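Reading through the structure tokens given below for one structure.
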Amino acid sequence: MNIYKRKTPADLGKAAGKEAADAIQSAIKHRGEANIILATGTSQFETIKSLLAHKEIDWKKVTMFHLDEYLGLDITHPASFRKYLKERFVDKVAPLKSFHFIDGEKDPIKETERLGKLIRENPIDVALVGIGENGHLAFNDPPADFETEDPYLVVDLDEACRKQQFNEGWFPDLNAVPTRAISMSIRQIMKSKKIICSVPDSRKAEAVKSSLENEPSPEFPASILQQHPDCSLYLDEASASLLDPSTAVND
Ligand SMILES: N[C@@H]1[C@@H](O)[C@H](O)[C@@H](COP(=O)(O)O)O[C@@H]1O
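So the working numbering is basically just the index in the sequence shown, starting at one, shifted up by 1213.
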């Protein structure tokens, strides 16, 4: 894993977006198309903004998969991840070759099966992900399932995860945060050829430390990223602030 520290969230996003753009360009050059996974949340704001600034990308050759979505949330709800991706990405790059939203209002088992078939047919070139305050990867809260081969799972959201969503201002109160979601599985994320993980903010400093300074374990879901052959983790000064000086960080 390559760990990069940048001064601000904007610097972090610029570097992560550039690496993502290069990976997309490389896939298009070698295979004629690129398959990507996008995450949502505040940690992706600057990375997606930077990715969109790379006008050289031919988005008609790009297929997008969606990392996670709440169950039962309408696409017009401010916290809907489909709304987030539609407004912040899909509408801005249209037309994509294709995009595959997770519809959390459909029968969840059928939806996981539908998407699972699609992603198995479309190996991922680059996945953009974040890490939650509780160390989650996508919506795989601890202890995460490191074993299942199912590409998408129906998951319960823990209290820490739901509190983070409320504190970030996406919901009017904690009770309004759904208790279940569909998440891409850990093993499916790990199948991506490249993973670019953007993690700004002091709120994430504890999760970053536990993900990097423990052996990979379901108790620290994002710790699995240590085992990926091509993963770049982008931090800012705040999210890197608790790291042990012995942790190898590229400034
Ligand atoms: N489910 C989303 C993920 O798509 C995101 O990568 C991660 C970090 O979240 P945030 O960017 O809001 O800090 O967890 C969120 O809850």
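By construction, the Cβ of each residue, glycine as well, lies at the ideal position given by its N, Cα and C atoms.
Note that the coordinates shown come from a computational prediction; the quantities given were computed from them, not determined experimentally.
heavy atom of ligand 1 below 7 Å from residue i C-beta
i, result
"residue 1342", "yes"
"residue 1325", "no"
"residue 1401", "no"
"residue 1316", "no"
"residue 1345", "yes"
"residue 1256", "yes"
"residue 1352", "yes"
Pair within 8 Å by beta-carbon distance, residue i and residue j
i, j, result
"residue 1252", "residue 1309", "no"
"residue 1249", "residue 1275", "yes"
"residue 1317", "residue 1389", "no"
"residue 1384", "residue 1234", "no"
"residue 1268", "residue 1337", "no"
"residue 1454", "residue 1418", "yes"
"residue 1428", "residue 1400", "no"
"residue 1265", "residue 1279", "no"
"residue 1450", "residue 1218", "yes"
Alpha carbon of residue i to alpha carbon of residue j, nearest angstrom
i, j, result
"residue 1439", "residue 1325", "27 Å"
"residue 1398", "residue 1416", "24 Å"
"residue 1296", "residue 1457", "38 Å"
"residue 1272", "residue 1343", "23 Å"
"residue 1231", "residue 1220", "16 Å"
"residue 1255", "residue 1301", "12 Å"
"residue 1237", "residue 1261", "13 Å"
"residue 1387", "residue 1242", "46 Å"
"residue 1281", "residue 1396", "4 Å"
"residue 1215", "residue 1435", "14 Å"
"residue 1430", "residue 1290", "34 Å"
"residue 1452", "residue 1421", "7 Å"
"residue 1423", "residue 1404", "23 Å"
Rounded Cβ spacing between residue i and residue j (contact assumed at less than 8 Å)
i, j, result
"residue 1366", "residue 1354", "About 11 Å separates the two Cβ atoms, so there is no contact after all."
"residue 1391", "residue 1285", "6 Å"
"residue 1460", "residue 1426", "7 Å"
Next item on the list: Flag this pair as touching only if the segment 1221–1230 and the segment 1403–1415 have three or more C-beta atom pairs under 8 Å; answer yes or no.
Entry: Counting Cβ pairs under 8 Å, three or more are found: they touch.
Next item on the list: Would you be able to state if there are at least three C-beta pairs under 8 Å between the segment 1343–1352 and the segment 1365–1381?
Entry: At 8 Å Cβ cutoff, the stretches touch.
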